[in-house]
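What follows is a short report on a single structure.
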Amino acid sequence: MTIFMNFVKNINSCLYRNLIKNMFQNPCQNCKCNSSNSSLICSNFTTNRYFSNTLVEYNNKFVELFPKNSENDTVKFKRLDDLSKLLRLNESNLVKSDGTNLKFLNVPPEVLTQLTSLAFTEIMHFLRTEHLAQLRKVFDDPESSDNDRFVSMQLLKNACISAGKYFFLLILLYRVLPGCQDTGTAIVIGKRGNNIFSENDTNSITKGIYNCYINKNFRYSQMSALNMYEEVNTRCNLPAQVELYSQDGIDYEFLFIAKGGGSANKTFLYQQTKSILNEKMLIEFLMEQIKTIGTSACPPYHLAIVIGGLSAEMTLKTVKLASCKYLDNLPTEGNLFGNAFRDLDFEQTILQKTREIGIGAQFGGKYFCHDVRIIRLPRHGASCPIGIGVSCSADRQVLAKINPTGGLLIIFQYFLVYLEELEHDPAQFLPTIGHVPNTKEINIDLTIGMEKVLEQVRKFPVKTRLLLNGPLIVARDIAHAMIVEQFDKTGQLPNYIKDFPIYYAGPAKRPDGYVSGSFGPTTAGRMDSYASKLMEHGASLITLAKGNRSRSFVNACKKFGGVYLGSVGGPAALIAEDCIESVEVVDFPQLGMEAVHKILVKNFPAFVVVDSKGNDFYSQWS
Numbered sequence: 054m055t056i057f058m059n060f061v062k063n064i065n066s067c068l069y070r071n072l073i074k075n076m077f078q079n080p081c082q083n084c085k086c087n088s089s090n091s092s093l094i095c096s097n098f099t100t101n102r103y104f105s106n107t108l109v110e111y112n113n114k115f116v117e118l119f120p121k122n123s124e125n126d127t128v129k130f131k132r133l134d135d136l137s138k139l140l141r142l143n144e145s146n147l148v149k150s151d152g153t154n155l156k157f158l159n160v161p162p163e164v165l166t167q168l169t170s171l172a173f174t175e176i177m178h179f180l181r182t183e184h185l186a187q188l189r190k191v192f193d194d195p196e197s198s199d200n201d202r203f204v205s206m207q208l209l210k211n212a213c214i215s216a217g218k219y220f221f222l223l224i225l226l227y228r229v230l231p232g233c234q235d236t237g238t239a240i241v242i243g244k245r246g247n248n249i250f251s252e253n254d255t256n257s258i259t260k261g262i263y264n265c266y267i268n269k270n271f272r273y274s275q276m277s278a279l280n281m282y283e284e285v286n287t288r289c290n291l292p293a294q295v296e297l298y299s300q301d302g303i304d305y306e307f308l309f310i311a312k313g314g315g316s317a318n319k320t321f322l323y324q325q326t327k328s329i330l331n332e333k334m335l336i337e338f339l340m341e342q343i344k345t346i347g348t349s350a351c352p353p354y355h356l357a358i359v360i361g362g363l364s365a366e367m368t369l370k371t372v373k374l375a376s377c378k379y380l381d382n383l384p385t386e387g388n389l390f391g392n393a394f395r396d397l398d399f400e401q402t403i404l405q406k407t408r409e410i411g412i413g414a415q416f417g418g419k420y421f422c423h424d425v426r427i428i429r430l431p432r433h434g435a436s437c438p439i440g441i442g443v444s445c446s447a448d449r450q451v452l453a454k455i456n457p458t459g460g461l462l463i464i465f466q467y468f469l470v471y472l473e474e475l476e477h478d479p480a481q482f483l484p485t486i487g488h489v490p491n492t493k494e495i496n497i498d499l500t501i502g503m504e505k506v507l508e509q510v511r512k513f514p515v516k517t518r519l520l521l522n523g524p525l526i527v528a529r530d531i532a533h534a535m536i537v538e539q540f541d542k543t544g545q546l547p548n549y550i551k552d553f554p555i556y557y558a559g560p561a562k563r564p565d566g567y568v569s570g571s572f573g574p575t576t577a578g579r580m581d582s583y584a585s586k587l588m589e590h591g592a593s594l595i596t597l598a599k600g601n602r603s604r605s606f607v608n609a610c611k612k613f614g615g616v617y618l619g620s621v622g623g624p625a626a627l628i629a630e631d632c633i634e635s636v637e638v639v640d641f642p643q644l645g646m647e648a649v650h651k652i653l654v655k656n657f658p659a660f661v662v663v664d665s666k667g668n669d670f671y672s673q674w675s
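In this note's numbering, the protein residues as written are 54 to 675.
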């Protein structure tokens, strides 16, 4: 009701005033403002009048729930002339109401296939300019913590490596290492105009995804279920999530997203009621939930919050789109028709509160979030769903479109394929060497044996920054499950899980001429259920990954003397380029990226997050 009355009080159009009068009788018949251009509606427009039994006439403004303000559209696109040449405008025998023949734009399958492949290649290696500028802002802000600056610097260097060039056999190669080792689930959302003629679009788009993942140094992450409990990797990263919708006109619009598991897992739905819709309760509720997101999805985040929704799936879909900045051009105030809108003031309120949490960019500080988007949706009177989600430091999405250009009349128009311009020169956002602060780090020699390494790292309190040098064992979800399954059957554990620290990770494909593919950490918490059993038998006493851990894991560290080291989540290309000297598979080779590897690292940065006394850096926010 408050939103509705604010809309009425601030309405600035006679057109809308007359619409209200038609819908809800005339609340202004005895008022001076009835015939004026005043922007105010007087108190005669009462709640009783609003809730009267007056018949509401149909209005097509109820149809478009997500109206966009094209005047605020600042996205820059580049033309793809090679693909544009393949488009054909054809005249049909169908006659429109004005007597002219209906024209169709023919989009061949190869246009969609090549556009899709190019789009996913772009988002694996390049970021939006605004995102890079926000990382530089973290570094420059005098209120940032040293750890905030360290993380932002790591992520900026990672962007440069991912976007960079390299020589192999005297051939200049670009886009070698993807920015993140988790090259994600491929998601495509398309809106096809009714005057577009194309066939088997989903197949054409999926083929483009296949070509991209097969031919690039990306990781295959999709698992196919053989039955309820057994799975195999599909070894091509298919299937993909492709959603195509129809729209009027002769435009074809696309949103391409690569969504990694870390950020996808931080998507939440809360079924609330009308009682949550007051400022104090809503802020308290949101901040309580935001703290639980933690750091395993690689902050700083682009945080998306949706209040309302006609269904649970509508709420969560809007969260996804908002986190991609796809809905940035929504109106900024509500109306009578249930249209979605952004609350810019509330966004700034929540953003400021995220900066006061203290988690910062992974290891304490101010920049838990780059920005916040909050969208209000209509709702059923008995429901108030709330959705929360994030886009992580990889922030991989890109827009594309096929539309006409030229004269106003279609006969003078020609059609072009466009792809959003991402930033191909991230180095411009790097600070100069003189601006980079000296960091205090402690070197840890991993070659001296596990017992002595444990003796060293147990001395250091949480938040201590380390540089690791020497051998690590790499194992993640499936490998842990198989190791524990074998232990339950035989009572034996492999020596490697006892003799070396364990790095939770799964690399992307290794490029020719490289020691390793992109090799960033995965979420630590997924291995927590194995910790107590392994530590009890002298295994997995030092672990290295990203994000916070559960209370049961912390208790196991205290009981068995284990230590958890946190790695910066996000800079997978940087780790492959600067830190990894060798990689070999030591167990379960059939698992592909989930196989157990042994790697040799140099100057691998890590933080003490959980020490052997049971102190947990993240406990104050749990």
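Glycine included, each C-beta is placed from N, C-alpha and C at the ideal position. None of the values given here were measured: they were computed from a predicted structure.
Taking the Cα of R245 as reference, the smallest distance to any Cα among D201, E296 and R288 is reached at E296. The C-beta distance from A453 to F307 rounds to 4 Å, short enough to fall under 8 Å.
By the C-beta criterion, the segment 646-655 is judged to be in contact with the segment 517-526, since at least 3 inter-stretch pairs fall below 8 Å. Looking only at L469, R132, C289 and F203, the smallest Cα-Cα distance to I303 is reached by L469. Nearest to L404 by alpha-carbon distance, out of G391, T368 and I336, is I336.
According to the DSSP assignment, H590 belongs to no beta strand (DSSP E), since it is labelled neither H nor E. Each residue's CA atom was taken as its position, placing S571 and E647 some 14 Å apart.
Here A365 is exposed, its C-beta having fewer than 16 other C-beta atoms within 10 Å. The residue from P353, F399, P352 and A558 with its alpha-carbon nearest to that of K333 is F399. Excluding the 5 residues flanking it on each side, E196 has same chain C-beta neighbours closer than 6 Å at K419, in chain order. Here G566 is exposed. Its C-beta has fewer than 16 other C-beta atoms within 10 Å. Residue environment: S274 is assigned as buried (16 or more neighbouring CB atoms within 10 Å of its CB, all protein chains considered). Cβ-Cβ separation between V191 and D199: approximately 12 Å, too far for a contact (criterion under 8 Å). One Cα belongs to D254, the other to T127, and the distance between them is close to 28 Å.
Note that the C-beta distance between G573 and G622 is below 8 Å.
The beta carbon of Y471 sits closer than 8 Å to those of F130, K131, R132, L133, A453, K454, I455 and N456, all from its chain and outside the five residues before and after it, given in chain order.
As computed with DSSP, M276 is found in a beta bridge with N286. In the three-state reduction of the DSSP assignment, N200 falls in the helix class, which pools H, G and I.
Here the segment 158-176 lies against the segment 247-266, with 3 or more beta-carbon pairs under 8 Å apart.
In this structure L142 touches L158 by the C-beta definition: roughly 6 Å separates them, less than 8 Å. Within the same chain, and ignoring the five residues on either side of Q325 in sequence, the residues whose Cβ sits closer than 6 Å to its Cβ are C437 and I439. Here the C-alpha atom of N601 lies approximately 7 Å from the C-alpha atom of G578. The three-state reading of DSSP puts P431 in strand, counting E and B together. Straight across, the Cα-Cα distance linking Q539 with S328 is about 51 Å.
Taking a cut-off of 8 Å for Cβ pairs, the segment 106-117 and the segment 382-391 touch, as three or more such pairs fall below it.
Restricting attention to N268, D530, T485 and S316, the CA atom closest to the CA of R563 is found in N268. For the options S215, L208 and T576, the alpha carbon positioned closest to that of T174 is the one of S215. For Q401, no beta strand (DSSP E) run applies; the uninterrupted alpha helix (DSSP H) run containing it begins and ends at L397 to R408, by DSSP.
Setting aside the 5 residues that flank it on each side, P431 is surrounded in the same chain by G361, L363 and G391, each with a C-beta closer than 7 Å to its C-beta; the list follows chain order.
In the structure shown, L521 falls within a strand segment according to DSSP collapsed to helix, strand and coil. DSSP assignment within the segment 577-635 yields the following whole beta strand (DSSP E) runs of 3 residues or more, N-terminal first: 595-598 and 616-619.
R132: not part of any alpha helix (DSSP H); member of the beta strand (DSSP E) spanning F130 to R132, first to last residue. In the DSSP annotation of this structure, E252 is not part of any beta strand (DSSP E), being labelled neither H nor E. The count of Cβ pairs closer than 8 Å, one atom from the segment 605-616 and one from the segment 338-358, stays below three, leaving the stretches out of contact. When C-alpha distances from C233 are compared across F271, G615, G544 and Y467, the shortest belongs to F271. Per DSSP, reduced to three states, the secondary structure at I303 is coil, with no helix or strand assignment.
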